[in-house]
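For reference, the structure discussed in these notes is given below.
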Amino acid sequence: MSVTEQGSQAIRPTVRWTGHPFVDAGLAALATVSGVSQLEDLTADHLPEAVTALERVLLSDQALGLGVTSAFVRKGLSQIFPNSELVNPSNWKGETLEQKADSVRRKFRDAVAQELRLAQECLGFTTSNTEMCSTCGQRRPVSAMVTMRKDDLPLLAGIVNFYPAFDVGVRLCGLCALAVRFLPLSVMRTGVLNRLWILHTHAFPIARGISLQYGWIHFNQRIAANDALDFFKDWETAGDAGTVIYLLCDLLDRFSSQLQHLYRHPLPTTAYIFSNDNRSSHIQALLVPDSLLEFLAMLQILSPSAYKRFWRDLLVVPRTLAEKERGSRIDFVQKVAQSLLNSRAVLTFCLDHDTPKLSGGWMGHRLYLQEVLQMAVEKLAILERLGLTIARDPEAKRLIGELRTARWNEIHGILLRYVRQGWLSHEEFYTLLPPNSYGTTSHLRDIILAVAYEWAYAQQQGQDFPSTLPTGPLTADETLTRLQQIGERLIASLPNLSRWIGQLQTARTWDRIRGVYLTAVQRGALGYADFVFLAPLEDQARGWLLRDYLLAFLFDRARAVVPLEEIAEPEQIAQVPAGEATEEI
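One gets my numbering by counting positions in the sequence shown from 1 and adding 39 to each.
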């Protein structure tokens with residue numbers, strides 16, 4: 040719908056991001072080849088030279104299939120612009136391939152010349168008779184508007200010669216229409232599946248780097264080598280998520296100072312996997328967490344070698360791998376990359392128990408736990424010190440085997456034994472396993488094993504273990520404070536503390552535990568309120584947990600009288616839903 044603006048002052052329009060992923064990706068490629076330092080610097084004077092560069096790529100012999108094995112415009116490009124000037128079979132007129140190529144070149148040049156004129160009109164002075172562009176939201180001259188369909192802009196309804204439900208397309212301004220012509224210069228393929236994708240960002244240095252390296256340079260190198268064109272796909276990785284994160288790592292390696300523009304930008308970074316094919320059009324959005332971007336940047340600053348190892352071990356699928364090994368490696372990379380993109384735990388996948396070895400290195404995983412999974416530094420420092428204690432123990436092989444094969448509900452008892460051995464304090468035990476934390480035990484076990492494996496690997500390689508995190512004072516909450524008070528009274532009041540502790544740690548039923556507490560009440564070491572607190576009637580799982588906390592305090596503060604007897608496990612604990620035991624932190 041057009042409107043007339045009366046008496047308005049003439050203002051030269053400025054090029055801005057639109058928010059539309061395909062238009063923005065095209066604008067990035069257009070601005071890249073124009074050589075501007077920011078998108079807003081793009082003017083009408085830049086457009087003719089940019090169009091010439093676009094035609095050199097898309098109308099080259101290598102794009103049209105002359106003298107090479109395949110025609111890019113009728114294969115890869117058809118997934119973006121089906122039935123467009125370069126794809127529609129009716130445009131390939133002539134007796135020879137060269138004549139057909141000349142025919143589609145004329146069609147394409149005529150169409151782009153028209154859009155160039157309209158784009159220049161959009162960037163000229165405008166005072167009246169304007170219409171709102173549905174993509175960029177700018178008011179443009181009505182004469183500079185065009186109607187676009189699926190063959191012009193991916194995932195629109197309707198296509199030339201085919202009008203489902205009489206859909207006549209969408210009105211866009213000439214500048215947006217021209218920008219979409221440059222979209223192929225920002226498109227890449229994913230690893231293994233070869234699906235088309237773009238990284239949508241308003242951080243111009245990153246968008247420019249992607250279009251320059253994987254678009255303009257890539258295509259021009261293929262043309263110079265007289266190779267058939269195709270979108271960049273030479274990733275040494277696998278899967279959609281793997282390709283996205285691999286690209287981020289590659290960008291960080293090439294433009295380390297520029298990646299901050301991504302995670303500091305107020306708008307999110309999103310990868311779009313898509314196809315505009317007539318038979319199976321689709322689009323999938325993969326949001327890239329800012330915390331992941333910041334983690335990668337911080338790791339590279341902290342230790343370039345640790346960053347390289349994390350990238351190599353977790354994301355790279357070497358081309359030299361044998362076919363048998365390649366399949367399992369692809370599965371590993373896809374699982375890890377998807378977890379990274381979803382900001383979930385990855386340690387379980389990265390522990391090689393046979394070697395033993397930690398893929399990705401402890402420094403990278405430690406920072407990931409801190410920055411992405413938001414694990415408290417105090418908790419991480421405790422686990423790191425505990426893992427090193429186990430790794431350096433003469434019985435390390437047995438201890439690691441016991442920990443590795445333990446079921447999630449048995450890890451609680453193993454950590455309690457570490458308190459009895461003096462490897463953990465009762466405050467540290469409580470910090471690792473606060474109330475309602477049964478589902479975290481498997482993840483704690485993975486962290487301890489990761490530290491132990493990394494220490495063993497460092498010894499084998501003659502390297503130093505990464506510097507450990509500093510430990511600080513732990514703050515007791517209301518529950519721990521009360522348990523400490525109860526424990527102090529038990530130590531001071533029970534005449535035969537060693538025997539009482541032995542009865543408590545070997546009690547295998549809830550009724551037996553209550554009986555042990557009642558004995559302490561009878562002897563004046565516990566009060567009624569203490570008994571109700573330690574043995575809640577309706578929550579046996581909490582009762583077992585409080586018993587463990589109390590034992591941890593007694594093991595820590597009355598170590599000289601603690602009997603070395605087996606610590607009984609609960610008969611039954613509420614089950615943790617599948618998949619949660621290794622994901623919660």
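Glycine included, each C-beta is placed from N, C-alpha and C at the ideal position.
Remember, predicted model here, so these are calculated numbers, not experimental data.
Environment of residue i [buried if 16+ CB atoms lie within 10 Å]
{"i": "P60", "result": "buried"}
{"i": "R4", "result": "A question about residue 4 goes unanswered here, because the residues of the chain that appear run from 40 up to 624."}
{"i": "H239", "result": "buried"}
{"i": "T428", "result": "buried"}
{"i": "R293", "result": "exposed"}
{"i": "Q77", "result": "exposed"}
{"i": "D647", "result": "The structure shown has nothing for residue 647, since the chain only spans 40 to 624."}
{"i": "E137", "result": "exposed"}
{"i": "E324", "result": "Here residue 324 turns out to be Ala, not Glu, going by the sequence shown. It is exposed - the Cβ of A324 has fewer than 16 other Cβ atoms within 10 Å."}
{"i": "A264", "result": "exposed"}
{"i": "E362", "result": "exposed"}
{"i": "T53", "result": "exposed"}
{"i": "Y567", "result": "exposed"}
{"i": "F270", "result": "buried"}
{"i": "R234", "result": "buried"}
{"i": "N168", "result": "exposed"}
{"i": "L412", "result": "buried"}
{"i": "I340", "result": "exposed"}
For residue i, three-class secondary structure by DSSP
{"i": "Q460", "result": "coil"}
{"i": "Q177", "result": "coil"}
{"i": "W56", "result": "coil"}
{"i": "A278", "result": "Here residue 278 turns out to be Gly, not Ala, going by the sequence shown. It is a strand residue."}
{"i": "A546", "result": "coil"}
{"i": "F221", "result": "coil"}
{"i": "R51", "result": "coil"}
{"i": "G104", "result": "coil"}
{"i": "W236", "result": "strand"}
{"i": "T186", "result": "strand"}
{"i": "I606", "result": "coil"}
{"i": "Q323", "result": "strand"}
{"i": "V209", "result": "strand"}
{"i": "F594", "result": "helix"}
Through-space distance from residue j to residue i, alpha-carbon basis
{"i": "L268", "j": "R261", "result": "6 angstroms"}
{"i": "G106", "j": "V126", "result": "18 angstroms"}
{"i": "V72", "j": "G176", "result": "25 angstroms"}
{"i": "F205", "j": "N259", "result": "Low per-residue confidence applies at F205: pLDDT is 42, beneath 50, and the placement is therefore not dependable, though the value from the model is reported in the following sentence. Their Cα atoms are separated by approximately 40 angstroms."}
{"i": "V181", "j": "L211", "result": "10 angstroms"}
{"i": "G58", "j": "F334", "result": "26 angstroms"}
{"i": "V600", "j": "R351", "result": "51 angstroms"}
{"i": "E605", "j": "A445", "result": "16 angstroms"}
{"i": "V416", "j": "V219", "result": "47 angstroms"}
{"i": "F120", "j": "S481", "result": "49 angstroms"}
{"i": "L157", "j": "L214", "result": "7 angstroms"}
{"i": "W462", "j": "R547", "result": "25 angstroms"}
{"i": "G133", "j": "R144", "result": "12 angstroms"}
{"i": "L69", "j": "R383", "result": "37 angstroms"}
{"i": "L590", "j": "E608", "result": "13 angstroms"}
{"i": "F572", "j": "L360", "result": "60 angstroms"}
{"i": "V640", "j": "A310", "result": "There is no way to answer for residue 640, as the model of the chain reaches only from 40 to 624."}
{"i": "E94", "j": "L224", "result": "12 angstroms"}
{"i": "T520", "j": "P474", "result": "14 angstroms"}
{"i": "L290", "j": "M171", "result": "36 angstroms"}
{"i": "N200", "j": "R247", "result": "No answer about N200 holds up, because its pLDDT of 48 lies below 50 and its placement is not dependable."}
{"i": "P505", "j": "L425", "result": "15 angstroms"}
Contact check, residue i vs residue j, beta carbons under 9 angstroms
{"i": "G501", "j": "F592", "result": "no"}
{"i": "A242", "j": "T308", "result": "yes"}
{"i": "T150", "j": "V90", "result": "At residue 150 the sequence reads Ala, which differs from the Thr that was named. No."}
{"i": "S390", "j": "R405", "result": "The question names Ser, but residue 390 is Leu in the sequence shown. Result no, Cβ atoms of L390 and R405 do not sit closer than 9 angstroms."}
{"i": "Q377", "j": "G230", "result": "no"}
{"i": "N315", "j": "K189", "result": "yes"}
{"i": "L354", "j": "C288", "result": "yes"}
{"i": "G403", "j": "L338", "result": "yes"}
{"i": "I249", "j": "M227", "result": "yes"}
{"i": "A515", "j": "Y469", "result": "yes"}
{"i": "H465", "j": "R596", "result": "yes"}
{"i": "A336", "j": "Q373", "result": "no"}
{"i": "W447", "j": "G478", "result": "yes"}
{"i": "I28", "j": "A64", "result": "Because the chain here runs from 40 to 624, residue 28 falls outside it and cannot be looked at."}
{"i": "L533", "j": "A564", "result": "yes"}
{"i": "I284", "j": "L380", "result": "yes"}
Any chain B beta carbon closer than 9 angstroms to residue i
{"i": "E466", "result": "Absent from the structure: chain B. Only one protein chain is present."}
Residue i beta carbon near the ligand SAM (any heavy atom closer than 8 angstroms)
{"i": "G248", "result": "The ligand SAM is not part of the structure shown, which contains no ligands of any sort."}
- Indicate whether the contact test is met: 3 or more Cβ pairs, each with one atom in the stretch 534–542 and one in the stretch 551–561, closer than 8 angstroms. In short, these stretches touch, since the Cβ pair count reaches three.
- Message: Tell me whether the stretch 434–444 and the stretch 480–500 touch, counting them as touching only if at least three CB pairs, one residue from each stretch, are closer than 8 angstroms.
- Response: By the Cβ criterion, the stretch 434–444 is in contact with the stretch 480–500, since at least three pairs of Cβ atoms, one from each stretch, lie closer than 8 angstroms.
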